[in-house]
Structure formats: C-alpha cells, structure tokens
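Residue numbers (the UniProt record's numbering): 1 to 218.
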C-alpha cells in the first residue's frame, strides 16, 4: 500500500483495497494531519472536507471515485488564525453548509450553498453569542471552542460552546437552550452523530444501562 495513494475499501468484501491513484499533496495532508482532518460530510454521493489552510472544500465523488476542490464562502469576519479550529462544513436544509467564527469566537456565521454547480454561497444565520452568559455559565474566561450542528431534519440549528467539562447549546438567536455537564474527564465534542436509523440488533435490549436502550434508539 502506497502511503500517498488513495484506496477504496468495499465493506463486507474480502478483496484487497483498490487503488484509485495519488491525490495532490494538499489532499494527502488533509487526510494525514489530525488537526486538519475532520469527519467527512456526506451530501448525496459526495464527501466533503474543509481545508483550513487553502480555505477550500475537498470533494470526493464516490461514484466517479475522483477528487476536486470547491470554493468556500468568503467571510469577512473570519480570521486567518481561526480557520484551522473554528470553521467546518455541515449539512443543513438538505444542502451543504459551512460555519466560521470571528477571532474572539463571539460571532458565528452560517452559510448555505445555494447553487452547488456554480458554487454560490449565501449567509443564512449570523449568531451573536452572549459572551456574558457564556462566561457566567462556564467560568473559564475566554477559553472556549465553537461548533455548529443541525438536528431534527435540519430544521433546528444548534451552536455548541465547549470548554472541556461543560457544553452550552444555543439557538440561532443566541438563546441558551441547554447546558450539558460532565463530571469525569474532559468532553471532546465532534460532529459525528448517531442516527435513529441504526439497525435494532437483537442484543441491544440485553444491554443494561446502555445508551441504545434510551432515546433516540428505542
């Protein structure tokens, strides 16, 4: 297996991974650098990754098995120093979206891709986070991170503010919806989500005090 080549794995197959060629150096770096490699966002048959250094979106066509670059929206509030940590792609309103923050992590702009072929973006939400509320709830000064997630059929957009042991959930009006506490090790918030469409395997009901025996899995 070549280190810089791309391979396709077929789930459930005993065949060896199939080589589909070598990606550009930036594409290989995206997959190999943990701070720049976030979970891929699937939209249709296309996988999307936000590349913080190039400020572009890497697209993999799972049908044609080919890579290409897509323009990201130009956001005047975005700071060069924050691209690596405070911007990412997501799916919302059944289309591709992207969020990014200003330098102080107090304003979150959420964009949607209006025209996929022409790569035309429009801003849908500008969320002003209540800094006083965040500081009062978390008691961590200005040390927090921001993430955006869409839920309930893309109708609810939630802004997550994470300080390690607590997560605050805000709506797009900046209203505090919930506070999630964790008494053990620090929380690591990711965009990976468990869906209600998980197959209800027979062994699930046999597991006591396990998450799959609670909402939304039953």
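Built from N, CA and C at the ideal position, the CB exists for glycine as well.
Note that this is a predicted model, so its numbers are computed, not measured.
* To do: Would you mind working out which of 119, 182, 105 sits nearest residue 159, comparing C-alpha positions?
  => Closest by C-alpha distance to residue 159, out of 119, 182, 105, is 105.
* To do: Could you tell me the boundaries of the alpha helix (DSSP H) in which residue 172 lies?
  => Unbroken run through residue 172: none, as it is neither H nor E.
* To do: Tell me, please, whether the segment 124-139 touches the segment 58-72 by the rule of three or more beta-carbon pairs shorter than 8 Å.
  => Contact fails: fewer than three Cβ-Cβ distances are below 8 Å.
* What do you get for residue 109, buried or exposed, if any count of 16 or more other CB atoms within 10 angstroms of its CB means buried? -> The residue in question, residue 109, is buried, as its Cβ has 16 or more Cβ neighbours within 10 Å.
* To do: Within the segment 110-147, note down every full beta strand (DSSP E) run reaching 3 residues or more, in order along the chain.
  => DSSP assignment within the segment 110-147 yields the following whole beta strand (DSSP E) runs of 3 residues or more, N-terminal first: 120-128.
* Quick one: what does DSSP say residue 69 is sitting in, helix, strand or coil? -> For residue 69, the secondary structure class from DSSP, reduced to helix, strand or coil, is strand.
* For the beta strand (DSSP E) containing residue 95, list its first residue and its last residue. => First-last of the beta strand (DSSP E) with residue 95: 95-101.
* **Helix, strand or coil at residue 9 according to DSSP, with G and I counted as helix** => Residue state, collapsed to three classes: coil.
* **Simplified DSSP assignment, three categories, for residue 21** => Three-state result, residue 21: strand.
* In the structure shown, what three-state DSSP assignment does residue 189 receive? -> Coil.
* **Helix, strand or coil at residue 41 [DSSP, three-state]** => Correct three-state label for residue 41: strand.
* One or two residues paired with residue 49 in a DSSP bridge -> Residue 49 pairs with 58.
* Asked: Rounded to whole angstroms, how far is the Cβ of residue 148 from the Cβ of residue 96, which I believe are closer than 8 Å?
  -> Contact doesn't hold; Cβ gap of about 13 Å is too wide.
* **Start-to-end residues for the beta strand (DSSP E) that takes in residue 88** => Per DSSP, residue 88 is one residue of the beta strand (DSSP E) stretching across 87-92.
* Asked: Would you report the Cα separation of residue 6 and residue 172, rounded to the nearest angstrom?
  -> Taking the straight line joining both Cα atoms gives about 39 Å.
* For residue 178, the residue or residues it bridges with in DSSP -> For residue 178, the beta-bridge partners assigned by DSSP are 169.
* Asked: Taking just the CA atoms, how far does residue 131 sit from residue 180?
  -> Across the structure, residue 180 and residue 131 are spaced so that their CA atoms are roughly 18 Å apart.
* Do residue 101 and residue 146 come within 7 Å of each other at the CB atom, strictly closer than that value? -> The Cβ-Cβ distance between residue 146 and residue 101 falls below 7 Å.
* Buried or exposed: which applies to residue 112, given that a residue is buried once 16 or more other Cβ atoms fall within 10 Å of its Cβ? -> Residue burial annotation: residue 112 is buried, with at least 16 other C-beta atoms found within 10 angstroms of its C-beta.
* **Cβ neighbours of residue 129 in the same chain (closer than 8 Å, five flanking residues each side left out)** => If we look at residue 129 and ignore the five residues flanking it on each side, its Cβ neighbours are 105, 106, 107, 108, 146, 159, 161, 170, 174.
* To do: For residue 116, I'd like the list of residues in its chain whose CB is within less than 6 Å of its CB, leaving aside the five on either flank, ordered along the chain.
  => Result list for residue 116: empty, nothing under 6 Å.
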